[in-house]
Ligand code: NAD
Ligand code: ISE
């Protein structure tokens, strides 16, 4: 069976996903695309033999579209995901699930009312080989009791569309999902620490930022976001256990030796660093749908997307109030009780 995918949003990552779905992922085809930038959507549709839909809601309703991939700006996600739920179609929504906790909760409540998990959230680090090794080391008891973690998330620069609190809601939201998943614990409180600001970032951004995350079992994570670090894309972390410490470095590529120094290249952007993870995420999603499931095993689901959005909103409040701020989650609906280690 070939899964016909409709893609909403053909910007940076939407275009990459369309190329992967039409060229690299087995069992999928791109049935339709939509973007408000209609010329770009039409050109991409023609390139991959898809239909350029007239609106995103028309794309969701299209009978050729078996499943929807949402890659529009984050503040549109909740409304578009709700439309997919109403149409009964599986949806892979790029992160974040929503830009407010209220919107994310509406999505969770709507899905729980339907009694079927249809939503997967694009936290692709769960498909990255390095992060999976770290998860296996923790779950396998290799490091003893996981006690704390240090995390770095740096972008060389960000586009003009990256505004306001997006260091927390759009960048560090990855860490909020990653550390809930790695530790198998909810985040219970956030403290955003004021840091001296880079003179090179846009004046409206808080850059860099450091957030302390407290987890339900008492473990603590410090996570840095620096979206104008200039030198490359750099995502690393170290998990300190009671007996062993495990560190995730950038994947080794080229070693340059010369002028008395040895050095390694740093990935230029997220597309390069996590290219394989995006491909594996899409392949596992399509494979799950082809096999009759509605979401891939172990993927971030709507509850995970909700929890990450609540943590992001809590961190924004912590920054504004210069205070430690507690995370308030609703009770988790039974629909989201699943395998251990979520
Ligand atoms: P982008 O600005 O390059 O693309 C967004 C696209 O959405 C644009 O082409 C824009 O014209 C289009 N758009 C705007 N309004 C629309 C509407 N009403 N309907 C349909 N399309 C509309 O941004 P991007 O970097 O591609 O990010 C898109 C989403 O993907 C964001 O949520 C972002 O956080 C996420 N993202 C995730 C990762 C990851 O690592 N998982 C990486 C990059 C982006
Ligand atoms: C972007 O949207 C992503 O999701 C990238 O993975 C992240 O590194 C970047 O900071 C975000 O803006």
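In the numbering used here, the protein residues as written are 634 to 975.
Virtual Cβ for every residue (Gly too), placed ideally from N, Cα, C.
Could you round the C-beta distance between residue 962 and residue 819 to whole angstroms and report it? I think they count as a contact, below 8 Å. Numbered from 1 along the chain shown, position 329 holds the residue referred to as residue 962. Numbered from 1 along the chain shown, position 186 holds the residue referred to as residue 819. Contact holds; Cβ gap of about 6 Å.
For residue 800 and residue 838, believed in contact at Cβ under 8 Å, the rounded distance: In the chain shown, the residue the question calls residue 838 occupies position 205. In the chain shown, the residue the question calls residue 800 occupies position 167. Rounded, the Cβ-Cβ distance is 7 Å, consistent with contact.
Return yes when the Cβ of residue 812 is within less than 8 Å of the Cβ of residue 782, no when it is not. Numbered from 1 along the chain shown, position 149 holds the residue referred to as residue 782. Numbered from 1 along the chain shown, position 179 holds the residue referred to as residue 812. Result yes, Cβ atoms of residue 782 and residue 812 sit closer than 8 Å.
Please determine whether the Cβ atom of residue 936 lies at a distance below 7 Å from any heavy atom of the ligand NAD. Looking up residue 936 in the chain shown gives position 303. Not a single heavy atom of the ligand NAD lies less than 7 Å from the C-beta of residue 936.
If you pair each beta-carbon of the segment 933 to 942 with each one of the segment 910 to 922, do three or more pairs fall below 8 Å? no
Reference residue 901, options 726, 791 and 666, closest by Cα: Your numbering for residue 901 matches position 268 in the chain shown. Taking only the C-alpha atoms, the option nearest residue 901 is 791.
Pair within 8 Å by beta-carbon distance, residue 858 and residue 804: The residue you call residue 858 lines up with position 225 of the chain shown. The residue you call residue 804 lines up with position 171 of the chain shown. Contact flag set, yes.
For residue 749 and residue 939, I'd like the C-alpha separation in whole angstroms. Locating residue 749 in the chain shown gives position 116, counting from the first residue. Locating residue 939 in the chain shown gives position 306, counting from the first residue. Cα-Cα distance, rounded: 16 Å.
Report buried or exposed for residue 911, applying the criterion of at least 16 other Cβ atoms within 10 angstroms of its Cβ. Walking along the chain shown from the start, residue 911 turns up at place 278. The C-beta of residue 911 has 16 or more other C-beta atoms within 10 Å across all chains shown, which makes the residue buried.
Can you name the start and end residues of the alpha helix (DSSP H) that residue 680 belongs to? Numbered from 1 along the chain shown, position 47 holds the residue referred to as residue 680. Element bounds for residue 680: 671 to 681.
Classify residue 955 as buried or exposed, calling it buried when 16 or more other Cβ atoms lie within 10 Å of its own Cβ. Within the chain shown, the letter at position 322 stands for residue 955. Per the 10 Å Cβ criterion, exposed.
Does the beta carbon of residue 727 fall short of 7 Å from some heavy atom of the ligand NAD? Position 94 of the chain shown holds residue 727. At least one heavy atom of the ligand NAD is nearer than 7 Å to the Cβ of residue 727, so yes.
If you run the structure through DSSP and keep just helix, strand and coil, what is residue 787? Position 154 of the chain shown, counting from 1, holds the residue named residue 787. Three-state result, residue 787: strand.
Give a single yes or no on whether residue 814 has its beta carbon closer than 7 Å to a heavy atom of the ligand ISE. Along the chain shown, one-based indexing puts residue 814 at 181. Flag unset: Cβ of residue 814 not near the ligand ISE.
Tell me whether residue 888, by its Cβ, gets closer than 7 Å to a heavy atom of the ligand NAD. Here the question's residue 888 lines up with position 255 in the chain shown. Residue 888 Cβ: outside cutoff for every heavy atom of the ligand NAD.
CA-CA distance, residue 752 and residue 726? Counted from its first residue, the chain shown places residue 752 at position 119. Counted from its first residue, the chain shown places residue 726 at position 93. Distance between the alpha carbons of residue 752 and residue 726 is about 7 Å.
Would you please state the rounded distance, in angstroms, between the beta carbons of residue 711 and residue 736? I believe it to be under 8 Å. The residue given as residue 711 occupies position 78 in the chain shown. The residue given as residue 736 occupies position 103 in the chain shown. Residue 711 to residue 736, Cβ: 4 Å. Contact.
Within 10 angstroms of the Cβ of residue 974, are there 16 or more other Cβ atoms? Answer buried if so, exposed if not. Here residue 974 corresponds to residue number 341 of the chain shown, with the count starting at 1. With a pLDDT of 39 at residue 974, under the threshold of 50, the modelled position of that residue is not reliable, and the figure given next carries that caveat. So residue 974 ends up on the exposed side.
So which of 637, 842 and 964 has the shortest CA-CA distance to residue 738? Taking the chain shown and counting its residues from 1, one reaches residue 738 at position 105. Answer by Cα proximity: 964.
Chain-order list of residues whose beta-carbon lies under 8 Å from that of residue 815 (same chain, five-residue window excluded): Stepping through the chain shown from its first residue, residue 815 is reached at position 182. Counting only Cβ-Cβ distances below 8 Å, and skipping sequence neighbours, we find 764, 767, 768, 771, 779, 782 and 872.
Shortest alpha-carbon distance to residue 662 belongs to which of 677, 681 and 644? Taking the chain shown and counting its residues from 1, one reaches residue 662 at position 29. Residue nearest to residue 662 within the set 677, 681 and 644 is 681 (criterion: CA-CA distance).
Going by DSSP, what residue range makes up the alpha helix (DSSP H) through residue 711? Here residue 711 refers to the residue found at position 78 when the chain shown is read from its first residue. Here the alpha helix (DSSP H) through residue 711 covers 710 to 720.
Going by the CB atoms, is the gap between residue 658 and residue 640 shorter than 8 Å? Taking the first residue of the chain shown as position 1, residue 640 is located at position 7. Taking the first residue of the chain shown as position 1, residue 658 is located at position 25. Not in contact: residue 640 and residue 658 (Cβ atoms no closer than 8 Å).
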